[in-house]
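As structure tokens, the structure follows; a few thoughts come after it.
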Amino acid sequence: FTVILFDIDHFKKINDTHGHDIGDKVLIQLSALVKNLLRGDDLLARWGGEEFVILSSATELNDAYELANRLRKEIARFPFPFVKTLTCSFGVTRYETGDSKEEIVKKADKALYISKSDGRNRVSALSA
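Per my numbering, residue 39 is the first one in the sequence shown, and the count goes up by one each step.
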């Protein structure tokens, strides 16, 4: 399986500009949008704050990368009320035999950090 970790770019600015009620609505709309774009056997969960995690049945890193990139594009196109546009950064990794929960999350988080460091609204993948 693969893990996709993503978060909303500049979410603090949304909360600061529009208030936490609007921020909460954005989180709800985003999760509904992403859930509708996933396959039935993929699992979406809020990881914390503005971060989400997807456990995907896609076993190849390239397939998970393509899924994350499709999600990134659809999110950027979606007309979110109040904030108009929204972007997300993604980190993708693949479970390798022997990986602990902590190791796979650390790999996904490192990939997410690379996406944010490279300018946000991107997908980065790490295999090992």
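All residues carry an ideal CB built from backbone N, CA and C; glycine is no exception.
According to DSSP, is residue i helix, strand or coil?
i, result
"Ser-162", "strand"
"Ser-138", "coil"
"Thr-131", "strand"
"Glu-89", "strand"
"Thr-55", "helix"
"Asp-101", "helix"
"Ser-94", "strand"
"Val-62", "Position check: residue 62 holds Asp in this sequence, whereas Val was assumed. If DSSP states are grouped into helix, strand and coil, Asp-62 belongs with the helices."
Alpha carbon to alpha carbon, how far is residue i from residue j?
i, j, result
"Val-41", "Tyr-133", "7 angstroms"
"Ser-165", "Leu-99", "7 angstroms"
"Lys-154", "Lys-144", "15 angstroms"
"Phe-49", "Thr-97", "30 angstroms"
"Lys-63", "Lys-51", "15 angstroms"
"Glu-89", "Ala-106", "14 angstroms"
"Asp-54", "Ile-66", "18 angstroms"
Could you check whether residue j and residue i sit closer than 8 angstroms to each other, using their CB atoms as the reference points?
i, j, result
"Asp-2", "Thr-125", "Past the edges of the chain, shown from 39 to 166, lies residue 2, and the structure says nothing about it."
"Val-130", "Ala-146", "yes"
"Leu-150", "Val-91", "no"
"Ser-94", "Phe-39", "yes"
_Three CB pairs or more closer than 8 angstroms across the stretch 110 to 126 and the stretch 66 to 86_ = Yes, the stretch 110 to 126 is in contact with the stretch 66 to 86.
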